Structures are given as C-alpha cells and as structure tokens.
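There are 2 protein chains.
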Amino acid sequence: MLKSLQIDSSSYSKLDIAQLKSSCGTCGLRELCLPVGLNEDEVKKLGDIVSQKRKVSRGSYLHYAGAEFQSLFAVRSGFLKTCILEQDGRQQVTGFHMSGELLGLDAISTETYTCDAIALEDSEICEIPFAKLEEISLAIPSLMRHFHKIMSREIVRDYGVMLLLGSMKAEERLASFLLNLSRRFYIRGYSEHNFNLRMTREEIGSYLGLKLETVSRAFSKLQDESIIVVDNKHIEIKDITRLRMKLGKSYDDAFFDM
Amino acid sequence: MLKSLQIDSSSYSKLDIAQLKSSCGTCGLRELCLPVGLNEDEVKKLGDIVSQKRKVSRGSYLHYAGAEFQSLFAVRSGFLKTCILEQDGRQQVTGFHMSGELLGLDAISTETYTCDAIALEDSEICEIPFAKLEEISLAIPSLMRHFHKIMSREIVRDYGVMLLLGSMKAEERLASFLLNLSRRFYIRGYSEHNFNLRMTREEIGSYLGLKLETVSRAFSKLQDESIIVVDNKHIEIKDITRLRMKLGKSYDDAFFDM
DNA sequence: CGAGGCCTTGATGCACCTCAACCGACGTGG
DNA sequence: CCACGTCGGTTGAGGTGCATCAAGGCCTCG
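Residue numbers (the numbering used here), protein chains in the order written: chain U, 4 to 261; chain S, 4 to 261.
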C-alpha cells in the first residue's frame, strides 16, 4: 500500500491520508530516521504526533526562509535542497536532503526557518510538530538522546562542508561531493556506483562554492581520467578508489612543509 | 571571591575548587550560557552536575580530536579555537569560542570529539558531563528546550560560515569576521570598537579559507580606507557603517544580473 | 519547428596563492 | 649586555585556479 503510493502518488484518497497518519511503525526508514533505537510502544507514540504527511512536488517549497517555525520535517521519499539567500541576491545551497533526513533543525534557535527548502523531485514529507516532539521526548529518554545525536550529526556535517569550502580545490570538492552522495545512496540500498543527480550543475556549484562552468569542467576532467562516466545527470563511478585518492592528493604538497 | 579568582588564578586552593563546584548560580554568564531561562532551583540542579572547573593555559588542549566524549565544555573565561586536521596535514579552524559558549556539541553524535580544542589564552572551563545533563534535562523541560536552541544556534552559525566560505571575497570575509567578533565582545560588555585579536593571521586565514598573506593584505586595505586601525593584534573599528557596507557590496554586481 | 533550460567548452582576466625578502618583538644563551 | 634565532606580521613579484564572458549543442515542451 505504502509502496504503491510512492510510485503513483497522484491517487491519494482521504483514506490513504488517514492510514498514513501514524506510519512511523511501518516506515521503511525507521533505521535512518528519528525512531532509531525506540521500542514498538515508543515508535507508536512518536507516530501519533507525526500529524500528517505532505506532498511537495518538484520545484515547490516545503518551507520559506523567515516563516514561523512549527515543525521539523522528515523526508520520507524524494529529494530536497535547502538554501539561504543573501540580501544582495547571492544564493547558497546549504544542503541536499534525501529520505530519512530531518529538516528544520536550524529553525529551533530563532523559531524561524533560516533556509528555503525546495523539492528537487516530487517528495513526501512527514511533518513533526516540534513542541510535541520536545514534550514526548521528556517521557522517552532514548528519543531525546537520539534527537541530540541527529542535531550533533548535522553540526559535524557542517564542519565537513566548512573544511571542503575552506581548503579544497575544485576537483577535490567534486570528488568529496560524489563520494558523499554515493555513500548515502548505498546506505539506502541503492547502487553506490550508479545514480542520477537530482540537482543542476549550478546547484552543485552553489553548494561547493564553485561556478557551474567549473563544476562542469571538473566532471569532464574526472571523466577524461576514466574515474567516472557522466551522461548528463547520470553518474557512473568507474573507479571509486581513485576517486577517493583525489581527496588526499595534496598530501605530496604537505610533505614538503615538514 | 570568584572575581578575584578570575584575576589571579594561580592561587587555587582546595577550598576554592570546592566553592567553584556549583557556581552556575553566581556565574556572571548566566544570561549567555546554559542556565538561560531557568529559575533558582533549576540553576542549582544544573550547577550540581557541573563537576569541576578546568584551567587550560594558553596553547594547551582542552580536548583532542578522536578522544572519547564525556562532557560538554562551557567557556567561563578566556578564548579557544577548535580545528580539524585532515589526514594530509591541512588544518581548518572551525570556530573561535569565548565566554559563555559551549564546546563539544559535535561529539554527541559519534561519542568522539571531532575537533581539537586549543586555548588561545589562559582559560577557565566548566565541564558538563553530558550523560548527567541529558538526565536532568528530562526533569527540567526549560533546560532541554534551551539546550536544543543552543545546538540549533550552532547549526545556524555554521550555515553563516558556509555562506561566507562559499560566496564571499577576501575583504568581505574579513569584514564579516570583524563584525562578528565586535558583536560578541559587545554582548559581553566590552567595547565593540576596540579589541584585541587572540588569534594569529594564519588562524584567521584558516577560519576564513584564506592564506595568511591575504588576511594581512585585507587588513591593510581596510586600514588604508580608514575603516579600521590595525596595530598588530589590536583592532580599532573607526567606521562600523562602512565596514558593514563591505558585506552588501556586490549588490551592485547582482543588480546587473537582472 | 522554435524557445528556453541545462550543459559543455574555449578565451580571457583577475583574485588569491605562492615564494621570497624584510621588519619588529621576544626570548635565550654566550 | 648584545648576538642570535624564532615567531608573527607586512609587503612585493609572479604564477595559477577559478570566475567571467561568450558561443554553441542537446533536450524537452509547447
């Protein structure tokens, strides 16, 4: 039932939505999402507060920057980007988000979303009212602990991006990006060597602090070296070892510093 | 009593340390640190778990990357940096931390510190055993909520750094950095126009994704424009408005894109 | 079939890196 | 005491990686 919904999502009925209401227990993402480590009873309590599932079609907004914070959002299926807009129009993509990941953590501090969240393909989103989440996590210590880990994981991820933006060259950034995507697909049961990018070169560039032309050239370069095969949005990683080696490459340079 | 300790910290006795033990109630940083929004009784409970205060002298480590996570650390006085080291020797400063700020949030997810934390001047640190913090926050909802806000604030801060690293020019980065420091000093009751940098040009550069020479040149440029006066580590902001204007400057460029 | 979005590739310019020289502050040891 | 080395900072000269500008190709969709 749920499975078919993910394939043909245009056939929603009221019944479907009611059935979806408390679905954490049956959700295939239990081991990735908030319910990690909870027992059946606790998962049920969590499922009860996940008030509804939202469908966000490609190109539309899950939430806007500046909007009042009410809920966290868990990606059930699909693919989203978050981005911040500077006053002068510059945009920076702060992350790409796939199933099992949580959005809105940035909004807790200011009670306002700091990012726009935009679907890059049709997505299904579980809405988690944050006040209720805090309330029940007082009664479910393992939920609270896991939530803290999720927030902390986001901080660690951000440090990784800072490292990338602060000290890597274009080719290294792209290699790091592809390896990250590859791993996340793999964890979700997809191929780590073959996948489709959901975002444009420009969005990749924004995330990596590069211009779209530079991203394109870096793709071409990796392809010339037979490390990957690029066919528009489709990526095939031919030699993941050499792709990984791209990261430690400036080891040689550092060597001379000693 | 506490005040004198902060001035002459070499004269610790056992009694002093005992007195320090539960000091959140008397700490001048209550309005910045974890106790925000707690009543007297709750502050006392929090103070009870802050097992001890550590002194970290300039140049030494508060914690190492890779070490087992036990505690968060609150900066009571002093100044620290956190940095990650890549396998190839590249280092990236991920943050500078002053009084009232919390360190170690990154370690919650992996139960291992991901950064080195190094004192840039003699510092006093409150150690907060994290397991105990989670335990008592189950009983003090407002503490839990505030803790969530602190973690979220760190995520927002990281987004800001990502924006800076991903899309700003050298001069804009430095302006942003100085304005950020200025504001943090101001909040703590110090001058927003006159302050001493605790870090080297190289550390600033690492944080901002620039080389130290570039940082130095950017300082000189801002000085040439009479926006700041630089005397080694001392900074005087002469014209904070024009410093702020440095940030929105590429508005003009963006304008042509429309 | 034409328009527009996305991508690729080439030519050129510039912001920042790299390398190098020099300065002042500081600490150490003869 | 001064000679000396070290460390942090500044400044200049030259090189380069990426941005910018521009042209053209492919694909989709009306």
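Ideal Cβ placement from N, Cα and C applies to all residues, glycine included. Since the structure is predicted, the reported quantities are computational estimates derived from the model, not experimental observations.
Chain U contact residues for residue i, given Cβ-Cβ distances below 9 Å
{"i": "GLU137 of chain S", "result": "PRO144, MET147, ARG148 and HIS151"}
{"i": "MET154 of chain S", "result": "LEU108, ILE111, SER112, HIS151, MET154, SER155, GLU157 and ILE158"}
Chain-ordered chain U contacts of residue i [CB-CB under 7 Å]
{"i": "ARG164 of chain S", "result": "Here the sequence assigns Val to residue 164 of chain S, which means Arg is not the residue at that position. Per Cβ cutoff of 7 Å: MET165."}
{"i": "SER219 of chain S", "result": "Under the 7 Å cutoff, chain U gives no residues; its nearest Cβ is about 18 Å from SER219 of chain S."}
{"i": "LEU41 of chain S", "result": "Ordered by position in chain U, no residue passes the 7 Å Cβ test against LEU41 of chain S, which lies about 16 Å from the chain."}
Selection from the options that minimises the alpha carbon distance to residue i
{"i": "CYS129 of chain U", "options": "U:GLU89, U:LEU200 and U:HIS66", "result": "U:HIS66"}
{"i": "LEU37 of chain U", "options": "U:PHE198, U:SER126, U:GLY208 and U:PHE133", "result": "U:PHE133"}
{"i": "PHE120 of chain U", "options": "U:VAL232, U:ARG176, U:VAL78 and U:LYS56", "result": "Note that residue 120 of chain U corresponds to Ala in the displayed sequence, not to Phe. Cα-wise, what sits closest to ALA120 of chain U is U:VAL78."}
{"i": "TYR210 of chain U", "options": "S:LEU250, S:LEU200 and S:LEU168", "result": "S:LEU168"}
{"i": "ILE240 of chain S", "options": "S:VAL164, S:SER63 and S:PHE198", "result": "S:PHE198"}
{"i": "LEU88 of chain S", "options": "U:MET248, U:LEU215, U:LEU166 and U:ARG186", "result": "U:LEU166"}
{"i": "SER3 of chain S", "options": "S:VAL233, S:GLN55 and S:ARG220", "result": "No answer is possible for residue 3 of chain S: it lies beyond the span of chain S, which begins at 4 and ends at 261."}
{"i": "GLY192 of chain S", "options": "S:ASP125, S:MET101 and S:HIS237", "result": "S:MET101"}
{"i": "THR115 of chain S", "options": "S:ALA68, S:SER63, S:HIS196 and S:THR244", "result": "S:ALA68"}
{"i": "ILE190 of chain U", "options": "U:GLY28, U:SER26 and U:ARG33", "result": "U:ARG33"}
{"i": "LYS135 of chain S", "options": "S:GLU206, S:ARG57 and S:ILE52", "result": "S:ILE52"}
{"i": "GLU124 of chain U", "options": "U:LEU141, U:LEU246 and U:THR203", "result": "U:THR203"}
{"i": "LYS58 of chain U", "options": "U:THR97, U:PHE76 and U:ILE231", "result": "U:PHE76"}
{"i": "THR85 of chain S", "options": "S:SER219, S:CYS118 and S:ARG187", "result": "S:CYS118"}
{"i": "SER60 of chain S", "options": "S:ALA70, S:VAL164, S:LEU83 and S:GLY40", "result": "S:LEU83"}
{"i": "SER229 of chain U", "options": "U:GLU216, U:THR244, U:LEU215 and U:GLU195", "result": "U:THR244"}
{"i": "LEU213 of chain S", "options": "S:GLU175, S:MET248 and S:ARG247", "result": "S:GLU175"}
{"i": "ASN235 of chain S", "options": "S:ARG220, S:PHE72 and S:LEU49", "result": "S:ARG220"}
{"i": "GLU195 of chain U", "options": "U:LEU215, U:GLY208 and U:ILE231", "result": "U:ILE231"}
{"i": "VAL233 of chain U", "options": "U:GLU216, U:LEU200, U:GLY251 and U:GLY50", "result": "U:LEU200"}
{"i": "GLN94 of chain S", "options": "U:SER170, U:ARG186 and U:SER126", "result": "U:SER170"}
{"i": "GLU137 of chain S", "options": "S:LEU49, S:HIS237 and S:SER126", "result": "S:LEU49"}
{"i": "HIS149 of chain S", "options": "S:VAL46, S:PHE99 and S:SER26", "result": "S:VAL46"}
Span of the alpha helix (DSSP H), counted from its first residue to its last, around residue i
{"i": "LEU246 of chain S", "result": "243–248"}
{"i": "ASP44 of chain U", "result": "43–52"}
Contact list for residue i against chain U, beta-carbon separation under 8 Å
{"i": "VAL159 of chain S", "result": "ASP109, SER112, THR113 and THR117"}
{"i": "ILE131 of chain S", "result": "Simply none; closest approach about 13 Å."}
{"i": "ARG245 of chain S", "result": "Simply none; closest approach about 16 Å."}
{"i": "GLY1 of chain S", "result": "Summary: the structure shown does not reach residue 1 of chain S, with chain S confined to residues 4 through 261, and so no result is reported for it."}
{"i": "ILE87 of chain S", "result": "TYR162 and LEU166"}
Interface residues of chain S facing residue i [CB-CB closer than 7 Å]
{"i": "GLN95 of chain U", "result": "MET165, LEU166, GLY169 and SER170"}
Range covered by the beta strand (DSSP E) that runs through residue i
{"i": "ILE238 of chain S", "result": "237–240"}
{"i": "GLN55 of chain U", "result": "55–59"}
{"i": "LEU65 of chain S", "result": "64–66"}
{"i": "VAL233 of chain S", "result": "231–234"}
Cross-chain neighbours of residue i in chain S, by beta carbon under 8 Å
{"i": "SER74 of chain U", "result": "By Cβ distance, chain S contributes nothing, its closest Cβ being about 14 Å from SER74 of chain U, past 8 Å."}
{"i": "LEU141 of chain U", "result": "LEU141, PRO144 and MET147"}
Is it true that the region 156–163 of chain S meets the region 103–121 of chain U, where meeting means three or more beta-carbon pairs spaced less than 8 Å apart?
-> yes
Pick out the complete beta strand (DSSP E) segments inside the region 164–229 of chain U, 3 residues or longer, and give them in chain order.
-> 197–199
Okay, do the region 167–187 of chain S and the region 222–239 of chain S touch, 3+ Cβ pairs below 8 Å being the bar?
-> yes
Do the region 94–108 of chain S and the region 134–149 of chain S meet, that is, are 3 or more Cβ pairs less than 8 Å apart?
-> no
At 4 residues or longer, and completely inside the region 85–155 of chain S: list those alpha helix (DSSP H) runs for me, N to C.
-> 110–113 and 133–140
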